[in-house]
Every structure is written in structure tokens, then in C-alpha cells.
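Novice:
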Amino acid sequence: MYSIGENVVYGASGVMSVVDIREETIADVSRRYYVLKAPRDSKGSLTFVPVDNEKLTSAMRPLLSKGEVLAIIKDIDSIAEAEWIQDSRRRQDGFKRVIESGDHRAIIAMIKSIYSSGIRREEEGKKNYLVDEAAMQKAEHVLYSEFSLVLGIPEEEVADFIRANK
């Protein structure tokens, strides 16, 4: 059970704060919900996760420790690129599953793969596919938002921190 004020990672949404745990009635059914909010969401959008829904609550997990984040950063060079899927629809489905999994190493492998594809395409005089770039940005956000909070640095400085400390 999570507590109000606790930061968690919620699937592909990245870091969220538990701002409330409350009873809500929807369609005459009362349930308890975790009320989540992204720390940097200026719009105030809320995400409601039913406390008794194991599938949705399993997408929530505590933040990594600083030691765990630093260990992942040290291992980055040893993480192989994800296998490139030629079919763009299957590739996007795979990217979505990786991001939602919250598996840091798989996310890093995916980012490396998209980055390498972009370099190959650039050498051919082409741009990277926009959907691949969007998937990479989403993956980086999920990874960097957690690393940022754990390391106590702004999210936009995480990539430089990683380069300097791997």
C-alpha cells in the first residue's frame, strides 16, 4: 500500500506523486482510489488507480534507490541494443510494451536501438522515423524523470550526468 505524498513510477506515465487515497463512486460503484499526479504537470491532471485492481496497481512501483540508479548507469555500456523490428507497427507495439514494463535495462536497450537507427538513417541522408523519435522521447522521459528525482538533479541534466558517470 502506498501513502499520500509518496512518489511512485506508474507504467509509461513515469514518476507520479500519490496526492490522495479516497473513495469515489462511479456508476453507483464505490471504490478506493490512489489519486496520482505528475510532479511537473502544470495542468493538474489526475490519474485514478483503483486500489483493488491488481492489474493497474501492479503498474505502480516504488522509485529506485540512488545506489540502484548509479548501478544502472555504470552498466549502460554493457546493455546491448534491442533487436530492431522492421515492421513499424510491430516495432511500435514492442516499444510500448517495453516502456510500460518499467524495465530500465530494456528501456535503455530500446533507446540505444532507436538512436543507432537514427544514425544509420542519417548516414543514408534520411531522417529517423517520427514515431520512433516519439517512442525514444517517451522512454527517455520515463527513465529520466525517475533518475532526476532520485539523483536530485533537473531532468534536463540527466543525460549529461549519465554520460559523465557511466
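Mapped onto the working numbering, the consecutive letters of the sequence shown carry residue numbers 11 to 176. A virtual CB, placed ideally from N, CA and C, is assigned to each residue, including glycine.
#1: On the three-state DSSP scale, how would you describe Val61?
#2: Counting pairs of Cβ atoms below 8 angstroms between the stretch 75-82 and the stretch 95-109, do you hit three or more?
#3: Determine, using beta carbons only, whether Ile89 comes closer than 8 angstroms to chain B.
#4: Pull up the distance between the alpha-carbon of Ile14 and that of His151, whole angstroms please.
#5: Going by Cα to Cα distance, which pick from Val160, Val168, Leu161 and Ala119 is closest to Ala145?
#6: Please classify Ser40: does DSSP put it in a helix, a strand, or coil?
#7: So if DSSP puts Asp170 in a beta bridge, which residue, or which two residues, is it bridged to?
#8: Count the other C-beta atoms from every protein chain shown that fall within 10 angstroms of the C-beta of Ala169, then say buried if there are 16 or more, exposed otherwise.
#9: Which ranges does the alpha helix (DSSP H) cover as unbroken runs of at least 4 residues, wholly within the stretch 78-130, from first to last along the chain?
#10: If you check the beta carbons only, do Ser155 and Gly24 fall under 8 angstroms apart?
#11: Does DSSP put Tyr154 in a helix, a strand or coil?
#12: With a threshold of 7 angstroms (Cβ to nearest heavy atom), would Ser27 be considered close to the ligand ZN?
#13: Assuming contact is defined by CB atoms lying nearer than 8 angstroms, are Leu56 and Val39 in contact in what I supplied?
#14: Ala22 and Glu110: beta carbons closer than 8 angstroms?
Specialist: So, from the data block:
#1: coil
#2: no
#3: The structure shown has no chain B; it contains just one protein chain.
#4: 23 angstroms
#5: Ala119
#6: strand
#7: None, per the DSSP bridge assignment.
#8: exposed
#9: 98-111
#10: yes
#11: helix
#12: This structure simply doesn't include the ligand ZN, nor any ligand for that matter.
#13: no
#14: yes
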